[in-house]
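Residue numbers (our numbering), protein chains in the order written: chain W, 1 to 497; chain U, 1001 to 1501; chain L, 2001 to 2099.
Just so it is clear, CB atoms sit at the ideal spot from N, CA and C, and this is done for glycine as well.
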Amino acid sequence: MADLTRLTAAETAARIAAGEVSAVEVAQAHLDRITEVDAKVHAFLHVDTEGALNAAKAVDERRAKGDALGPLAGVPLALKDVFVTQGVPTTCGSKILEGWIPPYDATVTRRLKEAGVVILGKTNMDEFAMGSSTENSAYGPTGNPWDLTRIPGGSGGGSAAALAAFEAPLAIGTDTGGSIRQPGAVTGTVGVKPTYGSVSRYGLVAFSSSLDQGGPCARTVLDAALLHAAIAGHDPLDSTSIDAPVPDVVGAARNGDVRGMRIGVVKEFGGDGYQAGVLERFNESVELLRELGAEVVEISCPHFDYAMPAYYLIAPSEASSNLARFDAMRYGLRVGDNGDRSAEEVMSLTREAGFGPEVKRRIMLGTYALSSGYYDAYYGQAQKVRTLIARDFDAAFAQVDVLISPTTPTTAFPIGERADDPMAMYLADLCTIPSNLAGNAAMSLPCGLAPEDGLPVGLQIIAPTMADDRLYKVGAAVEAAFLDRWGAPLLDQAPAL
Amino acid sequence: MTSTANLMSYEDALSSFDPVMGLEVHVELGTATKMFCGCATEFGGEPNSQVCPTCLGLPGALPVVNRTAVESAIRIGLALNCNIAEWCRFARKNYFYPDMPKNFQTSQYDEPIAFDGYLDVEVQGKTYRVGIERAHMEEDTGKSTHVGGATGRIHGADYSLLDYNRCGIPLIEIVTKPIEGAGELAPEIAKAYVAELRDLIKALGVSEARMELGQMRCDANLSLRPHGQEKFGTRSETKNVNSLRSVERAIRFEIQRHATVLTDGGTIVQETRHFHEDDGTTTAGRVKEEAEDYRYFPEPDLVPVAPSRDWVEELRGTLPEVPSVRRKRLQAEWGISDFDMQSLVNAGAVDAIVDTVAAGADSDAARKWWLGELARSANERGVEVTALPITPAQVARVAALVKAGELNDKLARQVIEGVLAGEGDPDQVVEKRGLKVVSDEGALGAAIDQAIAAQADAVAKIQAGNLGPVGALIGAVMKTTRGQADAARVRELILEKLGVS
Amino acid sequence: MPGITREEVAHLARLSRLELGAEELDHLATQLDDIIGAVARVGEVAADDIPPTSHPLPLTNVMRPDEIRPGLTPEQALSGAPAAEDQRFRVPRILGEEQ
Ligand SMILES: [Mg+2]
Ligand SMILES: [Zn+2]
């Protein structure tokens, strides 16, 4: 039998539904793969062998009874450790939550279970999703399967690496400033940030509430669409959830086509600071889109230059408040409680010991931006920039159907290179942040390898709010054209682990 | 510290200074569920049995606004003659405190749901208009129990235990504008305001507003300024003044304290103070090392509340009669004087009487019991009359038994005493204590015969037309029957037997 | 934009309940100064007539009916507690006051 770990999610589900392979066999093959390679990759923080096999068994039993199975029933998935899972540890990559076992499931977790998806375990991430390299995990970094000495992106590096290492065909990420798309780009996988409000945040441990959005990670556009459809939709437990039908992303992914579409190249994303090979691959993608029948024009979004400063005020501000609850009183780590110290002292000692440097930096920055005397100049101004960025998008989408750019200015950089240089690290999210601020949808998909380092480059497609289907329509067309050109999926060129 | 002994007298304080007050009242709404989650709000549950990921602040949990709480907030705002915001938001008030699981309180900041209103209160026959700055929505905290140490209070405790059942219960915070020009009536106006607000909240049916249960809590701000000065003085904030009487006492004490400090050439520190029920004084709270900075910002997990004008008007249609108007109506219905009505109001017994009448009693009888026996008991226990463990229906039952002649007033008092002592319903107390009026005419007849035989002199006088000594005979009968006879009936029978009727 | 002082950083640490060490404080002061210098650019573009955006979506009036939903059992609620006693969370003595 073919290697079950090399199949797409769609193929896997079809084989299980047809009875050609059992869900338990599929789960076991992936668990074996994890055993084989994860010591090197470190994509997982926790592998739930028993839970996965039980879930797979339940799918096989339902099939045996003749029950109709959903389109992803029995397909294994790697879940970012920022979604709570009842009875299964959830750490958010932080020491402060080490050993915490949530008493409830996130809505995304529940929907995955209801879809018969087999959750293999929880993936590594930058602590509380703050970072672009997964080096900020309290449990050690994850390696990029293309080159284990390089970062897999972040914060969802574990999820992207699990896909690229064939430890799972599907993964879930969260994208606050690019944490799904940037890891997708640097690992040669597909990652989608759905429209803000289309995937429930209930049970997603908050980093920045007005920016966080869960989304699908996969190796193909169609797989991403299938997962997108499984997790999206209105949730009454999330006040910011959109109460409207989810666009037909699966239909769009099955009918990739850009003929007659107007596509805008974001003028501001290119030039200085962009790696030559990244721009080369991007320009090649532009040509490809033209060949496929799209009209490609240049679009200026003048305020995008201010997206990064606005983001590094808004996200830390919300984070400083969201992370206040980690205080040693009700759950998680408690440090310094010697019977004599006060609650206040124990809180401060615990937070000092439990949070890593980047988290502390952002808490401090956010506390500063919100404090009296500074609020208007920082948080208040950043919220206005947000309005300007949304207006840029509105103006752009009045002229084009989707926008495109490189997903990230460079390919995967070496682990350690930017570890104590926050400003350099923040550059990794330059192109992804505007969509978080405005709430619209965006995708990254592989568009080849940079010639200078042989590492994957991501193409970002950006669509208007609630037009997520356009990402898949364009993405599927690009993917098919590249597959045709390359003769095999890009990941086939990754070195063996 | 200012001790009571060297405080300036209240009269002297007011001869030099004008008091300016500000009152902040928190009302716990009587909704079935909490402000942002579906947990029950019922009082008295087992610790941590009414909690969920949201009100426990578990990672990942999110809030969703309770529609009924918003409705209550709008109705309170309308009843307070406020404008209702067309668009407003929740904000996070950030500070660390173990009673508050998220370490921020979800509240409203610069965009309250209701603002700029007033409430009229009557003091000594005069109406004062208290301006309302705002009424906003927020959530309550959990409850801590302090263990160890000598006092069981927060200071000196070894550790604390936290129960989050109360955490997240909807609160409406109602803030007055500065109350100026109250002069010597300031303490009474403060009390009357809180009383009127409480009556309004109860009439709206949004909360039982029982201060003794913490369903309504008051913070009283006070500052003094010399007569003729425009600028406000520095204020103190006395926290948790939780009965009508305490509101009055706290304001009075603070007026005297401020005046004493200012007259001695001292300065008032802006600080929070604690009120002590036992001696009516206040003491300074912990001095903060640095100014609190709550870092308010719009709550990103909630979306704005934008009540449509249709909804607001629909809610306006549900407002009850204003309590002051209602009082005038009841006074007319009951046919009583201003003075009597004021006594009922002061005793906080109006609603109890209305409910007792609704349960079948005459208004006269209802007033008699609530203002007499029950007011006395409440006074002895140092609680509000409505906090007594007796219901209007039970009082109505006692009144019915009296009316039917099954109890006389003396026995009725004993029945009430029994109910208050937890011995059960009036009928159960009558049964257990054997308090039925002796209506067995045979037994009564024997007692009367005995009394007549024993007091020949009295009998002679009565038969001669001097009815004065009848009382002595009745007394004897009552003694024999241990008070369980109906005195009126005894009198009738004595006169009948002696052929005087 | 004025630079951030070491005292300000210490004040922020207290507000944030972070018991920073002296060295950490110095290091953070430098880094925060850099970051704040960079993000202060938001002041360059946003004029007075630009409304702030706090939510990416223009949703309003999301409310739920006042109906009880099952929550956690006390055992579940306390399952992660570092210390518990009498079905309550046990915490070190509290010095501050409720506000
Ligand atoms: Mg308040
Ligand atoms: Zn709850």
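Residue pairing by DSSP places U:P1019 opposite U:L1224 in a beta bridge.
Chain L has a Cβ within less than 7 Å of the Cβ of U:V1051.
For the region 117-162 of chain W, the continuous beta strand (DSSP E) assignments of 3+ residues that do not extend past its boundaries occur at 118-123, in sequence order.
Here the region 120-135 of chain W lies against the region 425-435 of chain W, with 3 or more beta-carbon pairs under 8 Å apart.
Proximity annotation: ligand 2 has residues U:K1034, U:C1037, U:C1039, U:V1051, U:C1052, U:T1054, U:C1055, U:G1168, L:G2071 in chain order, each selected because its CB is closer than 6 Å to a heavy atom of the ligand.
In chain order, the residues positioned with their C-beta nearer than 6 Å to some heavy atom of ligand 1 are U:S1107, U:E1138, U:E1173.
Closest option to U:L1162, judged by alpha-carbon separation, among U:E1173, U:I1174, U:T1145: U:T1145.
Scanning its chain for C-beta atoms nearer than 8 Å, with the 5 sequence neighbours on each side dropped, one finds around W:A480 the residues G256, in chain order. Here W:F44 is not near W:L204, since their CB atoms are 7 Å or more apart.
Nearest Cα to W:L97 within the set W:G336, W:D327, W:T432: W:D327. Taking the Cα positions, U:I1074 is about 51 Å away from W:V47.
Collapsing the DSSP output to three states places U:N1466 in coil.
When W:A29, W:A73, W:K57, W:V41 are compared, the shortest CA-CA separation from W:A18 is found for W:A73.
Bridge partners of U:Q1105 according to DSSP: U:K1093. DSSP, read as helix, strand or coil, puts U:P1298 in strand. Residue pairing of W:Q460 in beta bridges, as defined by DSSP: W:S405, W:S444. The DSSP-derived three-state label of W:A171 is strand.
Restricting attention to U:P1300, U:A1250, U:G1117, U:Y1296, the CA atom closest to the CA of U:D1278 is found in U:A1250.
Just so you know, the alpha carbons of W:F269 and W:L459 end up roughly 12 Å apart. Among the CB atoms of chain U, one or more fall inside 7 Å of the CB of W:L204. Taking the Cβ atoms as the reference, L:R2093 lies roughly 13 Å from L:A2083, outside the contact range of under 8 Å. For the pair W:R201 and W:R15, the Cα-to-Cα distance works out to about 32 Å. The three-state secondary structure of W:E287, taken from DSSP, is helix. Rounded to the nearest whole angstrom, the C-alpha separation of W:A395 and W:S444 is 22 Å.
Looking at the DSSP output, U:G1117 shares a beta bridge with U:I1132. Uninterrupted beta strand (DSSP E) stretches at least 3 residues long and entirely within the region 1371-1395 of chain U do not occur. Inclusion of L:L2095 and W:S342 in the CB contact set at 7 Å is warranted, their separation being smaller than that value.
Here the region 1269-1277 of chain U makes no contact with the region 1298-1313 of chain U; the two share fewer than three CB pairs at distances below 8 Å.
With respect to chain W, the C-beta atom of L:E2019 has a partner C-beta closer than 7 Å.
With respect to chain L, the C-beta atom of W:I363 has a partner C-beta closer than 7 Å. Here U:A1454 is exposed. Its C-beta has fewer than 16 other C-beta atoms within 10 Å. Within chain L, V2062, R2064 have C-beta atoms less than 9 Å from the C-beta of W:P236, given in sequence order. For the pair U:V1247 and U:K1202, the CB atoms are not nearer than the 7 Å cut-off. Per DSSP, the unbroken alpha helix (DSSP H) holding L:L2025 starts and ends at 2022-2039.
Contacts with chain U at 7 Å (Cβ-Cβ) do not include W:M125.
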